[in-house]
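**Student:**
There are 2 protein chains.
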Amino acid sequence: MTEYSIGVDLGGTNLRAAAVSREGKMLGKIAGRSELQAGRDAVLLDIVSAIKRLIEQNSDRKLVGVGMGVPGFIRFEEGIVVGSNNLPDFEDFPIRDELERLLGEKLILENDANAAALGEKWIGAGRDVDDLVMLTLGTGIGGGIISHGKILRGYLGMAGEIGHITVMADGNPCGCGNRGCLEKHASATAIVAMAKLLHLGDGITSEGVYKLAIEGNERALMIFTAVGEALGIALAGLVNIFNYPLYLLSGGPLPAWDLFAPHMMHEVQKRSYTFREAKTRIEKAALGNEAGLYGAAFLPFQAQEDAKH
Amino acid sequence: MTEYSIGVDLGGTNLRAAAVSREGKMLGKIAGRSELQAGRDAVLLDIVSAIKRLIEQNSDRKLVGVGMGVPGFIRFEEGIVVGSNNLPDFEDFPIRDELERLLGEKLILENDANAAALGEKWIGAGRDVDDLVMLTLGTGIGGGIISHGKILRGYLGMAGEIGHITVMADGNPCGCGNRGCLEKHASATAIVAMAKLLHLGDGITSEGVYKLAIEGNERALMIFTAVGEALGIALAGLVNIFNYPLYLLSGGPLPAWDLFAPHMMHEVQKRSYTFREAKTRIEKAALGNEAGLYGAAFLPFQAQEDAKH
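Residue numbers (my numbering), protein chains in the order written: chain A, 1 to 309; chain B, 310 to 618.
1) Could you please tell me which residues of the stretch 460-476 of chain B, in chain order, have their CB closer than 8 Å to any CB of chain A?
2) Buried or exposed for T13 (chain A), please, with buried defined as at least 16 other CB atoms from any protein chain shown within 10 angstroms of its CB.
3) Are there three or more Cβ pairs, one per stretch, closer than 8 Å when the stretch 259-268 of chain A is compared with the stretch 294-308 of chain A?
4) Using C-beta distances below 6 Å, list every residue in its chain close to K106 (chain A), excluding the 5 sequence neighbours before and after it, in chain order.
5) Need the endpoints of the alpha helix (DSSP H) that S206 (chain A) sits in, please.
6) Reducing DSSP to helix, strand and coil, say where L461 (chain B) ends up.
7) Looking at the C-beta of Y210 (chain A), does it have a partner C-beta in chain B at a distance below 8 Å?
8) Can you look up T534 (chain B) in the DSSP assignment and give me helix, strand or coil?
9) Looking at the unbroken alpha helix (DSSP H) that takes in T274 (chain A), where does it start and where does it end?
10) If G7 (chain A) sits next to I123 (chain A), beta carbons under 8 Å apart, how far is it from one beta carbon to the other, in whole angstroms?
11) Hey, is the stretch 279-299 of chain A in contact with the stretch 582-591 of chain B, meaning 3+ C-beta pairs nearer than 8 Å?
12) Just the C-alpha distance for G32 (chain A) and G69 (chain A), rounded to the nearest angstrom, thanks.
13) Taking 8 Å as the CB-CB limit, is F551 (chain B) close to chain A?
14) Quick one: does T274 (chain A) have its CB under 8 Å from some CB of chain B?
15) Indicate the three-state DSSP secondary structure (helix, strand or coil) for D131 (chain A) in the structure shown.
16) Check the Cβ of I542 (chain B) against every Cβ in chain A and list those closer than 7 Å, keeping chain order.
17) Kindly indicate if chain A contains any beta-carbon less than 8 Å away from that of A612 (chain B).
18) Which residues, in chain order, does the stretch 134-151 of chain A contribute to contact with chain B at a C-beta distance below 9 Å?
19) Cα-Cα, which of B:I542, B:G392, B:G546 is closest to G484 (chain B)?
20) Mind listing which residues of the stretch 115-127 of chain A have their C-beta closer than 8 Å to chain B's C-betas, in chain order?
21) Considering only their Cβ atoms, is the gap separating P173 (chain A) from R210 (chain A) smaller than 8 Å?
22) Cβ closer than 8 Å: which chain A residues qualify as neighbours of K579 (chain B)?
23) Assess contact between the stretch 48-62 of chain A and the stretch 128-137 of chain A, defined as three or more Cβ pairs (one per stretch) separated by less than 8 Å. Is contact present?
24) Can you find the residues in the same chain that come closer than 8 Å, C-beta to C-beta, to D46 (chain A), ignoring five residues on each side of it along the sequence?
25) Does A278 (chain A) get closer than 8 Å to chain B when you measure Cβ to Cβ?
26) Are the stretch 532-544 of chain B and the stretch 410-427 of chain B in contact at 8 Å, needing three or more beta carbon pairs?
27) Given a cut-off of 8 Å on the beta-carbon distance, is the pair L182 (chain A) and I141 (chain A) in contact?
28) Taking P397 (chain B) as the query, report the chain A residues whose CB atoms sit under 9 Å from its CB, ordered along the chain.
29) Ordered along the chain, which non-local residues of its own chain (more than five positions away) have a Cβ less than 7 Å from that of G447 (chain B)?
30) Helix, strand or coil for K106 (chain A), going by three-state DSSP, please let me know.
31) Since Y244 (chain A) and G463 (chain B) should fall inside the 8 Å C-beta cutoff, what is the C-beta to C-beta distance between them, to a whole number of angstroms?
32) Terminal residues of the continuous alpha helix (DSSP H) containing K196 (chain A)?
33) Taking the alpha-carbon of I542 (chain B) as reference, which of B:A478, B:E400, B:E409, B:R405 has the nearest alpha-carbon?
34) Write down every uninterrupted run of the beta strand (DSSP E) in the stretch 317-366 of chain B whose length is 3 residues or greater and which is fully enclosed by it, in chain order.
35) Spell out the partners DSSP gives I233 (chain A) in its beta bridges.
36) Quick one: does D421 (chain B) have its CB under 8 Å from some CB of chain A?
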């Protein structure tokens, strides 16, 4: 009987689940919205129902386990999520134990950005390396670090907060208390904020700024220069710290790669001796917004391997 | 027959070697100067002679191996040192193989700052944790990262270059090509440079600046404020990236801890949500300039353990 696992990605907006084979082939996927306004119990039942449907669809296969990526910090031992702005109802709630009880299956929790990095390592742009750092550019900037093939969690599951690295000591203020956080200078939200400062139009989105830039709008181009420089400062630091072979970028602003990446690479080249000396790849991630789903599905396979050793 | 190992610390100024028991007790130590001007062969013979004396002194014990810390990047597989400003004669030279041939013993090379971090983890301020980051403040700023009890090397032995993290995007220029590197704002050299900018006297040393500061000199105090802030920005980033339980500082400016640490801690507190949420210690290292010697001596014991698994 061939084995498979189930990955779940619970976000502030979307709830998705997928059955994935040991070889990384997606066997089935269920995508819907996270009905957070309906309350915690409703969301839990949606998760359980999606997983149960996938189990039914794969009744000829053996389920290894369920992995779930969620925004926030994961207290791995307790199986809880803390500090999640997107899932306030689940703060300090025993979500892992409750889902295991409802499902009768083992479930592994992980931070969503960490899961995405693991997914890329498993079957995405990082499948040929054991060590990588991934940045996901969105409303904020999430980070995941893979060390020796595994997620670097830190002692309370809070590692990889790359969006809050300081890139400008006196830069834009951040809700985390810092100033000049990477995500205040290079996220989709930062792109929109800079567009407002440059009077590029009320209600403009980061896609709108991108469109203006490819039409040659000088101010829109300046924004992507600034985004590239901020990313370059952060990446140069990460290259100096880790000397890993691969750094991946993912997320909404990725189509604008050709606009920001030259400035980013220029900064890294200038700011990191290590980058100049050690062949280091800075590339686009490959799995798009399914990276987290694959990474979550990989968690039970990895736990099974670990248990053997 | 009890076992011991030998640690060697080859710096630009000093050459030291010590025999250390498995329990971390120093059994004997030889300290001298690195006579680099006498040429590479003379230095190699000095190293061999020191090690052989220690072996003679411990003839009733069994030698597990020799570890050696050197400034520069270690190409672990090849056993060579590259990019070392302090040891230009050894650039790309097969130092490990040559010493093994002269000694008839196994030798493990490591970067000196990495060795110091490992020493602190073994029997110093980090002996109760498995993960830590250590900064050594000196002429430059060296860094060592211990992950799951082992040195995080990166794929070409270049990880841990914490002295070259950008703390000010447009800060002081650095020989590495970057601007605003931590070591250009917080090393002993940076302290002296700031003292010059503040006209605190020609030829003043970092110790001299410290003396002025404890006498209440306002400008000298400003320097330690700036040092603390730069360290705080870098440490906040490291805490956000690693979420490790312990960060250690070592080196010459450590006596000035009470002058710079309050500013450092203030910055970390302000800039790192992770620091505020997760109990994180930022402390003085315990072994002083012997940390690297102990760390180097621990390398053969660790390799022996690894070989068992």
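Ideal placement from N, C-alpha and C gives every residue a C-beta, glycine not left out.
**Tutor:** Result, derived from the coordinates:
1) Taking 8 Å as the cut-off between beta carbons, the residues of the stretch 460-476 of chain B near chain A are L461, R462, G463, Y464, L465, G466, M467, A468, G469, E470, I471, H473, I474, T475, V476, in sequence order.
2) Burial check for T13 (chain A): the Cβ neighbour count within 10 Å stays below 16, so the residue is exposed.
3) No contact exists between the stretch 259-268 of chain A and the stretch 294-308 of chain A.
4) If the five residues before and after K106 (chain A) are omitted, its C-beta is found closer than 6 Å to the C-beta atoms of G65, all from its own chain and listed in chain order.
5) That run of the alpha helix (DSSP H) goes 206-214.
6) Coil.
7) Closer than 8 Å to the CB of Y210 (chain A) there is not a single CB belonging to chain B.
8) DSSP places T534 (chain B) in helix when its eight states are reduced to three.
9) That run of the alpha helix (DSSP H) goes 273-277.
10) Cβ atoms of G7 (chain A) and I123 (chain A) stay farther apart than 8 Å, at about 12 Å.
11) Counting Cβ pairs under 8 Å, fewer than three are found: no touch.
12) Straight through space, the alpha carbons of G69 (chain A) and G32 (chain A) are spaced by roughly 15 Å.
13) So yes, F551 (chain B) belongs to the interface.
14) Chain B places a beta carbon closer than 8 Å to that of T274 (chain A), counting this residue as a contact.
15) D131 (chain A) sits in coil when the DSSP states are folded into three classes, being neither helix nor strand.
16) Within chain A, the residues whose beta carbon sits less than 7 Å from that of I542 (chain B) are T166, A169, listed in sequence order.
17) Output row for A612 (chain B): interface = no.
18) Flagged, chain order: G143, I145, S147, H148.
19) The shortest Cα separation from G484 (chain B) among B:I542, B:G392, B:G546 belongs to B:G392.
20) Residues passing the 8 Å Cβ filter: none.
21) The residue asked about is misnamed: residue 210 (chain A) is Tyr in this sequence, not Arg. No, these two residues do not count as a Cβ contact at 8 Å.
22) Near K579 (chain B) (Cβ distances below 8 Å), the residues of chain A are G177, N178.
23) Contact fails: fewer than three Cβ-Cβ distances are below 8 Å.
24) Same-chain partners within the cutoff: L15, G32, S34, E35.
25) Cβ-Cβ to chain B under 8 Å: yes for A278 (chain A).
26) The stretch 532-544 of chain B and the stretch 410-427 of chain B do not touch, with fewer than 3 CB-CB distances between them shorter than 8 Å.
27) Yes, these two residues count as a Cβ contact at 8 Å.
28) For a Cβ distance threshold of 9 Å, nothing in chain A lies close to P397 (chain B): the least Cβ distance comes to about 16 Å.
29) Correct list, in chain order: S496, A497, G560, G561.
30) Three-state DSSP puts K106 (chain A) in coil, outside helix and strand.
31) Y244 (chain A) to G463 (chain B), Cβ: 6 Å. Contact.
32) Note, K196 (chain A): alpha helix (DSSP H), 188-197.
33) I542 (chain B) has its Cα closest to that of B:A478, out of B:A478, B:E400, B:E409, B:R405.
34) The stretch 317-366 of chain B contains these whole beta strand (DSSP E) runs: 323-330, 335-342.
35) DSSP lists no partner for I233 (chain A).
36) Under the 8 Å criterion on CB atoms, D421 (chain B) is classed as non-interfacial with respect to chain A.
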